[in-house]
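Participant: The structure is given below, and queries will be raised subsequently.
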Amino acid sequence: MFEYAPAPESRSVVDIAPSYGLFIDGSFVPASPSGGVFKTVNPASEEVLAEVASAGVEDVDLAVAAARRAFGPWSALPGAERAKYLFRIARIIQERSRELAVLESLDNGKPIKESRDVDLPLVAAHFFYYAGWADKLAYAGYGQNPRPLGVAAQVIPWNFPLLMLAWKIAPALAAGNTVVLKPAETTPLSALFFADICRQADLPPGVVNIITGAGETGRALVEHPGVDKVAFTGSTEVGRQIAGSVAGTRKRLTLELGGKAANIVFDDAPIDQAVEGIVNGIFFNQGHVCCAGSRLLVQESAYDEVLTALKRRMATLRVGDPLDKNTDIGAINSAAQLSRIHELSEIGDSEGAQRWSPQCELPAQGYWFAPTIFTGVTQAHRIAREEIFGPVLSVLTFRTPDEAIEKANNTPYGLSAGVWTEKGSLILAMADRLRAGVVWANTFNKFDPTSPFGGYKESGYGREGGRHGLEAYLA
Ligand code: NDP
Numbered sequence: 009m010f011e012y013a014p015a016p017e018s019r020s021v022v023d024i025a026p027s028y029g030l031f032i033d034g035s036f037v038p039a040s041p042s043g044g045v046f047k048t049v050n051p052a053s054e055e056v057l058a059e060v061a062s063a064g065v066e067d068v069d070l071a072v073a074a075a076r077r078a079f080g081p082w083s084a085l086p087g088a089e090r091a092k093y094l095f096r097i098a099r100i101i102q103e104r105s106r107e108l109a110v111l112e113s114l115d116n117g118k119p120i121k122e123s124r125d126v127d128l129p130l131v132a133a134h135f136f137y138y139a140g141w142a143d144k145l146a147y148a149g150y151g152q153n154p155r156p157l158g159v160a161a162q163v164i165p166w167n168f169p170l171l172m173l174a175w176k177i178a179p180a181l182a183a184g185n186t187v188v189l190k191p192a193e194t195t196p197l198s199a200l201f202f203a204d205i206c207r208q209a210d211l212p213p214g215v216v217n218i219i220t221g222a223g224e225t226g227r228a229l230v231e232h233p234g235v236d237k238v239a240f241t242g243s244t245e246v247g248r249q250i251a252g253s254v255a256g257t258r259k260r261l262t263l264e265l266g267g268k269a270a271n272i273v274f275d276d277a278p279i280d281q282a283v284e285g286i287v288n289g290i291f292f293n294q295g296h297v298c299c300a301g302s303r304l305l306v307q308e309s310a311y312d313e314v315l316t317a318l319k320r321r322m323a324t325l326r327v328g329d330p331l332d333k334n335t336d337i338g339a340i341n342s343a344a345q346l347s348r349i350h351e352l353s354e355i356g357d358s359e360g361a362q363r364w365s366p367q368c369e370l371p372a373q374g375y376w377f378a379p380t381i382f383t384g385v386t387q388a389h390r391i392a393r394e395e396i397f398g399p400v401l402s403v404l405t406f407r408t409p410d411e412a413i414e415k416a417n418n419t420p421y422g423l424s425a426g427v428w429t430e431k432g433s434l435i436l437a438m439a440d441r442l443r444a445g446v447v448w449a450n451t452f453n454k455f456d457p458t459s460p461f462g463g464y465k466e467s468g469y470g471r472e473g474g475r476h477g478l479e480a481y482l483a
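Residue 328 in my numbering is what sits at position 320 of the sequence shown, and the numbering runs on without skipping anything.
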């Protein structure tokens, strides 16, 4: 294979301040004495990017109070007026998308081609889409006079920082709610830049509040008696805790949790396309994707052909500098996540599965993991059951559609699945029986703001996106 010359995106398009406060009531403010500060690093280099305020309980009080004050006037605005703000935000995101894409790659470690071509266009699309709904809520199918819930507490993870923010904030605002959002501790910067965009769009103070901090800040926010609605995306473990704390209160709750999706390849599938789908399914965003196709189910008769083509394709994946436009796989988001991926992979070795990675040189500095597949995996293996949340694929086989369904559904999760076959009837029959919120046919990891997304079983409840996504924010 020939060598690519470096093709770095310019870092100078983004200006990161040395420190950031909390965004409460339309202004950046330092944390109260109950809070503190923490540092956010670039996972590709371990360089400190900025010092960020950590919100304590008093700050959470202030943010919730600001959102409460803003709720009356914001919810009283005609939907068409709220829509103008959302359209304005969407257009500013488009205008600033290069800056935001570079920022996201710096703070998260994801390749620039993904932040530039996937995350940012989808972020803008979500604001455009929900702006369109703001004056049509009476036609969304939730009653003739749907009312907003009030103050929404939103806690998001680190894998798609700005996109998860858009999934949460756009429908909440369109429906007339105000929000307090906490980004993940390892990726706070794009949410803080979004706060600046809210100011640029002249959004009334208090409609959007961004409080940074660690898990304790998230806990204080979701447990705050002043919030009416909790929306969480993250691990099943934390989701369970939140469900427990919200139980018995009047708060409404939606949870989008983990997954262990089956990507099912039949022997009549176009193998080269299926291999692209397998690669996209598990190596997109370093596998830090809740709906990642982390369990490959291959029909036995096509196993050798698929595995040979998959290994050949994996050998061409480029791992390295997230800001290089040719990079396919960037850095693992944090040292903690890297050690979790190592731990589960070692469990895979010790359980008897065979590990394979292409030859690939990993940078000395930062957090990296080579794209990896495990073959000889059985359903009992922990690497077939637990969410690794990294670039690690477990390969299993099946003979009949019934066996594929049985294995695909044999998981505590139910977020997504993929089916690869030439037969439309088989796709429909499989989709009908797969217990997954999203089933992709001859594609994988396709997202669209008009399409609802969410899980069954331990993958959570409620839907985000589409008309369905409005329901979570309306009474
Ligand atoms: P968490 O579920 O801990 O984090 C998600 C968000 O919740 C973060 O903003 C986090 O803050 C916050 N949080 C943590 N504890 C609480 C709490 N008690 N109450 C309220 N909010 C809280 O995920 P991790 O980052 O720890 O990742 C662990 C594993 O979870 C991963 O390995 C992966 O398997 C899975 N995961 C799944 C995701 C998905 O999209 N389904 C996304 C992220 C992770 P902070 O970041 O500061 O801790």
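Glycine included, each C-beta is placed from N, C-alpha and C at the ideal position.
List the DSSP bridge partners of W428.
Facilitator: Counting from 1 along the sequence shown, the entry for residue 428 is found at position 420. Bridge partners of W428: V273.
Participant: Using a threshold of 6 Å, is the CB atom of N185 nearer than that to any non-hydrogen atom of the ligand NDP?
Facilitator: Start at 1 with the first residue of the sequence shown, and residue 185 comes out as number 177. No, the ligand NDP has no heavy atom inside 6 Å of this Cβ.
Participant: Are three or more beta carbon pairs between the stretch 282–294 and the stretch 240–255 nearer than 8 Å?
Facilitator: With a cut-off of 8 Å, the stretch 240–255 and the stretch 282–294 do not count as touching, because too few Cβ pairs lie within range.
Participant: Please say whether L30 and I219 have beta carbons closer to each other than 7 Å?
Facilitator: Locating residue 219 in the sequence shown gives position 211, counting from the first residue. Locating residue 30 in the sequence shown gives position 22, counting from the first residue. Result yes, Cβ atoms of I219 and L30 sit closer than 7 Å.
Participant: Just to check my reading of the structure: G87 and A63 have Cβ atoms closer than 8 Å, yes? What is that Cβ distance to the nearest angstrom?
Facilitator: Along the sequence shown, one-based indexing puts residue 87 at 79. Along the sequence shown, one-based indexing puts residue 63 at 55. Actually they are not in contact, since the Cβ atoms of G87 and A63 sit about 31 Å apart, beyond 8 Å.
Participant: Is V230 close to the ligand NDP? I mean its beta-carbon at under 6 Å from any heavy atom of the ligand.
Facilitator: Against the sequence shown, residue 230 aligns to sequence position 222. For the ligand NDP, at least one heavy atom lies less than 6 Å from the Cβ of V230.
Participant: Which residue wins for smallest C-alpha separation from A199, given the options E245, G384, S433 and A61?
Facilitator: As a working mapping, residue 199 is identified with position 191 in the sequence shown. Closest option to A199, Cα to Cα, is A61.
Participant: When the Cα atoms are used, what is the spatial distance from T408 to P371?
Facilitator: As a first step, residue 408 must be located in the sequence shown, where it is residue number 400. As a first step, residue 371 must be located in the sequence shown, where it is residue number 363. Their Cα atoms are separated by approximately 43 Å.
Participant: Here's the rule: buried if 16 or more other CB atoms are within 10 angstroms of the residue's CB, otherwise exposed. What is V21?
Facilitator: Along the sequence shown, read from residue 1 onward, the residue named residue 21 stands at position 13. With fewer than 16 Cβ atoms within 10 Å of its Cβ, V21 is classed as exposed.
Participant: Roughly how far, in whole angstroms, is the beta-carbon of V68 from the beta-carbon of T262, given that I think they are within contact range, below 8 Å?
Facilitator: What you label residue 68 is simply residue 60 of the sequence shown in a count that begins at 1. What you label residue 262 is simply residue 254 of the sequence shown in a count that begins at 1. V68 to T262, Cβ: 20 Å. No contact.
Participant: Can you check whether the CB of N453 is closer than 7 Å to the CB of G289?
Facilitator: Within the sequence shown, the letter at position 281 stands for residue 289. Within the sequence shown, the letter at position 445 stands for residue 453. In contact: G289 and N453 (Cβ atoms closer than 7 Å).
Participant: Should L436 be labelled buried (16 or more other beta-carbon atoms within 10 Å of its own) or exposed?
Facilitator: Taking the first residue of the sequence shown as 1, we reach residue 436 at position 428. Exposed: under 16 other Cβ atoms inside 10 Å.
Participant: Tell me whether N341 sits in a helix, a strand or coil according to DSSP, three-state version.
Facilitator: Mapped onto the sequence shown, residue 341 falls at position 333. N341 falls in the coil class under three-state DSSP.
Participant: Can you give me the Cβ contacts of K319 inside the same chain, cut-off strictly under 6 Å, excluding the 5 residues immediately before and after it?
Facilitator: Numbered from 1 along the sequence shown, position 311 holds the residue referred to as residue 319. For K319, where only same-chain residues beyond five positions count, there are no Cβ hits under 6 Å.
Participant: Identify, in the order they occur along the chain, each residue of the same chain with its Cβ nearer than 7 Å to the Cβ of K431, setting aside the five sequence neighbours on each side.
Facilitator: Taking the sequence shown and counting its residues from 1, one reaches residue 431 at position 423. Closer than 7 Å at the Cβ level, and outside the excluded window around K431, lie D276.
Participant: Can you name the start and end residues of the alpha helix (DSSP H) that I24 belongs to?
Facilitator: As a working mapping, residue 24 is identified with position 16 in the sequence shown. It is not in any alpha helix (DSSP H) - I24 carries neither H nor E in the DSSP assignment.
Participant: To the nearest whole angstrom, what separates the beta carbons of L346 and F377, a pair I think is in contact under 8 Å?
Facilitator: Here residue 346 is taken as the residue at index 338 of the sequence shown, counted from 1. Here residue 377 is taken as the residue at index 369 of the sequence shown, counted from 1. The pair is a contact, with the Cβ atoms about 6 Å apart (cut-off 8 Å).
Participant: Let me check you understand the geometry: is the CB of P420 closer than 6 Å to at least one non-hydrogen atom of the ligand NDP?
Facilitator: Within the sequence shown, the letter at position 412 stands for residue 420. Incorrect: P420 has no Cβ contact closer than 6 Å to the ligand NDP.
Participant: Would you list the residues sitting across from R260 in a DSSP beta bridge?
Facilitator: For this step, residue 260 is matched to residue 252 along the sequence shown. For R260, which the question treats as bridged, DSSP gives the partners K237.
Participant: Is L165 near the ligand NDP, with its Cβ less than 6 Å from a heavy atom?
Facilitator: Numbered from 1 along the sequence shown, position 157 holds the residue referred to as residue 165. Before going further, note that residue 165 is Pro rather than Leu in the sequence given. Under cutoff, so the answer is yes.
Participant: Hey, quick one: how far does the beta strand (DSSP E) through E59 stretch, first residue to last?
Facilitator: Against the sequence shown, residue 59 aligns to sequence position 51. Note, E59: beta strand (DSSP E), V56 to S62.
Participant: Is any heavy atom in the ligand NDP found nearer than 6 Å to the beta carbon of R348?
Facilitator: By 1-based counting over the sequence shown, the position of residue 348 is 340. Yes - the ligand NDP has a heavy atom lying nearer than 6 Å to the Cβ of R348.
Participant: Comparing alpha-carbon positions, which option in A203, A132 and G398 lies nearest I32?
Facilitator: Along the sequence shown, one-based indexing puts residue 32 at 24. The shortest Cα separation from I32 among A203, A132 and G398 belongs to A203.
Participant: If you follow the beta strand (DSSP E) that G44 is in, where does it begin and where does it stop?
Facilitator: Translated into positions along the sequence shown, residue 44 becomes position 36. Its beta strand (DSSP E) spans residues G44 to V49.
Participant: Starting from the C-beta of P504, find all residues in its chain whose C-beta is less than 7 Å away, skip the five residues before and the five after it, and write them out in chain order.
Facilitator: Any question about residue 504 goes unanswered here, given that the chain covers just 9 to 483.
Participant: Suppose you measure from the CA of S174 to the CA of S309; what does that come to, to the nearest Å?
Facilitator: Taking the first residue of the sequence shown as 1, we reach residue 174 at position 166. Taking the first residue of the sequence shown as 1, we reach residue 309 at position 301. Here the sequence assigns Ala to residue 174, which means Ser is not the residue at that position. Taking the straight line joining both Cα atoms gives about 43 Å.
Participant: Taking only three categories from DSSP, how would you classify F387?
Facilitator: Walking along the sequence shown from the start, residue 387 turns up at place 379. With the sequence shown as reference, residue 387 is identified as Gln, and Phe is not the correct amino acid for it. Coil.
Participant: Is T316 helix, strand or coil when you go by DSSP?
Facilitator: Position 308 of the sequence shown holds residue 316. Correct three-state label for T316: helix.
Participant: Suppose you measure from the CA of A52 to the CA of V110; what does that come to, to the nearest Å?
Facilitator: Along the sequence shown, one-based indexing puts residue 52 at 44. Along the sequence shown, one-based indexing puts residue 110 at 102. Using only the alpha carbons, I get a separation of about 13 Å.
Participant: Kindly confirm or deny that the stretch 328–345 and the stretch 111–119 touch, where touching means at least three C-beta pairs closer than 8 Å.
Facilitator: Yes: at least three Cβ pairs fall under 8 Å.
Participant: Write down every uninterrupted run of the alpha helix (DSSP H) in the stretch 448–479 whose length is 4 residues or greater and which is fully enclosed by it, in chain order.
Facilitator: Whole alpha helix (DSSP H) segments, 4+ residues: 476–479.
Participant: Looking at H389 and A361, is the spacing between their C-beta atoms short of 7 Å?
Facilitator: Taking the sequence shown and counting its residues from 1, the one referred to as residue 361 is at position 353. Taking the sequence shown and counting its residues from 1, the one referred to as residue 389 is at position 381. Yes. Within cutoff.
Participant: Go through its chain and collect everything with a Cβ distance to S243's Cβ below 7 Å, but skip five positions before and after it.
Facilitator: Along the sequence shown, read from residue 1 onward, the residue named residue 243 stands at position 235. Closer than 7 Å at Cβ, skipping near neighbours: L265 and G266.
Participant: Based on the DSSP secondary-structure assignment, which residues constitute the bridge partners of L30?
Facilitator: Stepping through the sequence shown from its first residue, residue 30 is reached at position 22. Per DSSP, V37.
Participant: Report yes if the C-beta of T241 is less than 6 Å from at least one heavy atom of the ligand NDP; otherwise report no.
Facilitator: Within the sequence shown, numbered from 1, the residue matching residue 241 stands at position 233. Because some heavy atom of the ligand NDP lies under 6 Å away, the Cβ of T241 counts as near it: yes.
Participant: In whole angstroms, give me the CA-to-CA distance for E479 and Y375.
Facilitator: By 1-based counting over the sequence shown, the position of residue 479 is 471. By 1-based counting over the sequence shown, the position of residue 375 is 367. Each residue's alpha carbon lies about 39 Å from the other.
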